[in-house]
Amino acid sequence: MLLAVIACVAAGFFLGLSILPESSLIYVEQIITLALGLLLVTVGIDLGRNRTLLAAIRRQGPTILLLPAVSGLGSLLGTALVAAPLGLPLAQSMAVGAGFGWYSLSGILIADAGYPELGGLAFLANVLREIITLVAVPFLARRFGSYGAIASGGATTMDTTLPIIVRSAGDEAAIPALIHGVVLSSIIPLLVTYLIRFF
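What follows is the structure in structure tokens.
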């Protein structure tokens with residue numbers, strides 16, 4: 002999946018740089034909006050059809066939401082702390098962090114709001130979060146337990162980083178990881194859009 006993402010970005014960069022005429026770019030925003038809407042609808046369908054996840058949420062109650070709440074706040078706090086050293090306004094830095102690893106959504110939302118460079122930064126930062134999680138989960142699971150491994154993955158724990166989390170932290174980490182990823186994925190569009198209002 003990661004190689005496909007890199008290949009698509011490289012192909013788009015090459016097309017935008019040299020092949021596509023300037024007049025064709027007027028359709029880019031419409032295509033982005035349509036693709037984003039389709040992406041969000043498919044995420045909603047996937048969440049609604051996941052009976053195991055819904056049953057686990059009902060069984061464990063509201064305490065199951067503590068992990069995504071704490072890790073989400075940690076991501077926002079971390080990006081708030083690095084805003085000044087990076088020379089970014091606070092809201093912009095936090096919007097990048099509010100992608101929680103979902104690079105294909107956060108980058109598009111920010112770029113579509115008129116901040117293409119920041120959208121590129123959000124894309125890169127969230128791709129790197131996923132890559133670092135894939136590499137670091139075995140160490141994090143040994144050192145900090147399953148919750149430490151799950152928290153590092155952000156929204157990716159419901160899909161791309163789930164197998165490595167389960168392999169490193171055990172089968173009992175599967176449901177908390179799924180719920181963690183689903184909750185964070187659900188709030189990303191709202192949170193990033195909200196933070197964009199303060200740019």
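Count along the sequence shown from 1, then add 1; that gives the number in my numbering. Glycine residues also receive a C-beta, built at the ideal position from the N, C-alpha and C atoms. Every value quoted in this text rests on a predicted model; they were computed, and no experiment measured them.
Residue i, buried or exposed, once every other Cβ within 10 Å from all chains shown has been counted against 16
{"i": "residue 107", "result": "buried"}
{"i": "residue 1", "result": "The structure shown does not extend to residue 1, since the chain spans only 2 to 200, so no value can be given for it."}
{"i": "residue 158", "result": "buried"}
{"i": "residue 56", "result": "exposed"}
{"i": "residue 93", "result": "buried"}
{"i": "residue 53", "result": "exposed"}
{"i": "residue 28", "result": "exposed"}
{"i": "residue 71", "result": "exposed"}
{"i": "residue 162", "result": "buried"}
{"i": "residue 42", "result": "exposed"}
{"i": "residue 197", "result": "buried"}
{"i": "residue 20", "result": "exposed"}
{"i": "residue 16", "result": "exposed"}
{"i": "residue 62", "result": "exposed"}
{"i": "residue 88", "result": "exposed"}
{"i": "residue 143", "result": "exposed"}
{"i": "residue 73", "result": "buried"}
Own chain residues within Cβ distance below 8 Å of residue i, not counting five before or after
{"i": "residue 177", "result": "65, 68, 147, 148 and 151"}
{"i": "residue 32", "result": "none"}
{"i": "residue 84", "result": "90, 91, 93, 94 and 95"}
{"i": "residue 167", "result": "174, 175 and 178"}
{"i": "residue 18", "result": "none"}
Three-state secondary structure (DSSP) of residue i
{"i": "residue 161", "result": "coil"}
{"i": "residue 21", "result": "coil"}
{"i": "residue 1", "result": "There is no way to answer for residue 1, as the model of the chain reaches only from 2 to 200."}
{"i": "residue 15", "result": "helix"}
{"i": "residue 198", "result": "coil"}
{"i": "residue 155", "result": "helix"}
{"i": "residue 38", "result": "helix"}
{"i": "residue 231", "result": "There is simply no residue 231 to check, as the chain begins at 2 and stops at 200 in what is shown."}
{"i": "residue 171", "result": "coil"}
Proximal residues to residue i (C-beta, below 6 Å), its chain only, five neighbours per side dropped
{"i": "residue 123", "result": "97, 100, 107, 108 and 111"}
{"i": "residue 139", "result": "169"}
{"i": "residue 153", "result": "134 and 141"}
{"i": "residue 77", "result": "95 and 98"}
{"i": "residue 182", "result": "156, 158 and 159"}
{"i": "residue 120", "result": "108, 111 and 112"}
Own chain residues within Cβ distance below 7 Å of residue i, not counting five before or after
{"i": "residue 58", "result": "65 and 180"}
> Does the segment 126-145 come close enough to the segment 187-197 that 3 or more CB-CB pairs lie under 8 Å?
Replying inline: Flag = no, the segment 187-197 and the segment 126-145 do not touch.
> Of all the alpha helix (DSSP H) runs that stay within the bounds of the segment 80-153, which reach a length of 4 or more residues?
Replying inline: Segments of the alpha helix (DSSP H) lying fully in the segment 80-153: 84-87, 91-98 and 104-113.
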